[in-house]
Amino acid sequence: MKRQDFRFFHRLRVRWAEVDMQKIVFNAHYLMYFDTAVADYWRALALPYEEAMHALGGDLYVKKASVEYHGSARYDDQIDIGLTCSRIGTSSMVFSGAIFRGDALLITCELIYVFADPATQTSRPVPEGLRKILTGFEAGEPMVTVKTGSWSELGEHASAIRTAVFVEEQGIPVEMEWDEADKTAVHAVAYNGLGQAIGTGRLLKHAPGSAKIGRMAVNRVLRGSSLGRELLNALVAQAEKRGDTEVLLHAQRSAEGFYARLGFTPRGEPFDEVEIPHIEMARALGPR
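Residue numbers (my numbering): 38 to 325.
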C-alpha cells in the first residue's frame, strides 16, 4: 500500500504510554490507532455516528480485524493512519488501512464490519443511503450541503441544532437564545448525506454596509472538521452578494483561533455574553 491509495488520513503522535520495553509501539496499540482513525473517518463523512446509526436502523459490528506488521513506530513519531472503504457487500463492508511514518509503510490492516440489528445483532443489508455516502466519499464527492434561506424555510432545523448546542450543552437560558432577529436574518443550515441537519448560523444586517454573523453552532461530535468553515463561507458569500463591505461576529474565546484562520481579526476588548467570554472579530469584504 502507498499513501496515494488513500483519500482519508488521521494523524497522531506516539505517546510514551504506548511503547513497550523494546521502545517501540506495543503491537496491540495499532488496532487502537486504527479504531481511532475509524471514528475520525465518520466525521469526514459528516456523520455523527450514534445519530446516524439510529436513523439507519442498525449498527456496525466488527467481524474481523487483522494487522500485518512491516515496521515499528517509536515514541514521539508522527504517524498517519490511512483508511479506505475498499468493498461493500450485502451486509458487510471492508476497510483497508495503513500506517505511515512519512512515506514509510509500517502497518497494514483489514477491518470487516457487519451492519446488524442492535437488539438481536443479526445482520441486515447495508442501507442504500450509507452505501451511497461511502462510495461518494471515496470518489471525492462533497459530504455536506449548505442551504441558505429564511427562518420559515430553515428554522425548524436551525432551532434544533441551536437548542442542542447552546441550551442543552452550554446551558444558555432558553429565553436568551431566541429573539426577533431570526425573522429577518439569512440562515444557513448544513446537511449530511442522510439529510440530517448538523450545523447552522445566521447573518444579520448590522449597519449600512456591515453584516453580523451569529448563532454559529455545529453538532458536537463533528467539530474540528471543515463544517464550521463551510457554514461561515456560505454566510460570508451572502453578505458579499448583497454588497456588504464588512462582516463581524462575536466569537467565543475558545473559537477565536478558528475565526482568525478564516481572516477575522480581533477588535476591541474581550467581554462576557451570556456569561461566556467573547471577543468581537471583523473581516473586510470585497477586493483585497
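Note that beta-carbon positions come from the ideal geometry of N, C-alpha and C, so glycine has one too.
All values derive from a computational prediction rather than experimental measurement.
Its Cα nearest to that of E293, the residue P307 stands out among T159, A274 and P307. Here T200 carries a helix assignment [DSSP, helix/strand/coil]. In the pairwise beta carbon analysis, the segment 59-69 is classified as touching the segment 101-114: at least three pairs are separated by under 8 Å. When DSSP states are grouped into helix, strand and coil, G126 belongs to the coil group. Judged by their CB atoms, H47 and D77 are nearer to each other than the 8 Å cut-off. Remark: C-beta atoms of V258 and R44 do not approach each other more closely than 8 Å. Rounded to the nearest angstrom, the gap between the Cα atoms of G119 and R239 is 36 Å.
The shortest CA-to-CA distance from M180 to any of N256, L82, G236 and E147 is the one to L82.
In this structure V211 is exposed. Its beta-carbon is surrounded by fewer than 16 other beta-carbon atoms within 10 angstroms.
Between Q289 and I250, the gap from beta carbon to beta carbon reaches 8 Å or more.
Here Y296 is buried. Its C-beta has 16 or more other C-beta atoms within 10 Å.
Burial is judged here by how many other beta carbons sit within 10 angstroms of a residue's own beta carbon; S262 has at least 16 and is buried. In this structure A321 is exposed. Its beta-carbon is surrounded by fewer than 16 other beta-carbon atoms within 10 angstroms. The DSSP-derived three-state label of R40 is helix. Bounds of the alpha helix (DSSP H) holding Y86 are Y86 to L93. Counted as a single uninterrupted DSSP element, the stretch harbouring G166 is not any beta strand (DSSP E) but the alpha helix (DSSP H) occupying residues E165 to E175. Judged by DSSP secondary structure, Q275 falls within the alpha helix (DSSP H) whose first and last residues are L264 to K278.
Inclusion of G166 and G230 in the CB contact set at 8 Å is warranted, their separation being smaller than that value. Note on geometry: alpha-carbon atoms of G186 and H194 lie some 12 Å from one another.
In this structure, A225 and A271 form a Cβ contact; the two beta carbons are roughly 5 Å apart against a cut-off of 8 Å.
Taking all protein chains in view, the Cβ of M130 is crowded by 16 or more other Cβ atoms within 10 Å, so the residue is classified as buried. Within a 10 Å sphere around the beta-carbon of T121 sit 16 or more other beta-carbons, which makes this residue buried.
The three-state secondary structure of L286, taken from DSSP, is strand.
If you draw a 10 Å sphere on the C-beta of Y70, you find 16 or more other C-beta atoms in it, and that means buried. With 16 or more other CB atoms across the displayed protein chains lying within 10 angstroms of its CB, A222 is buried.
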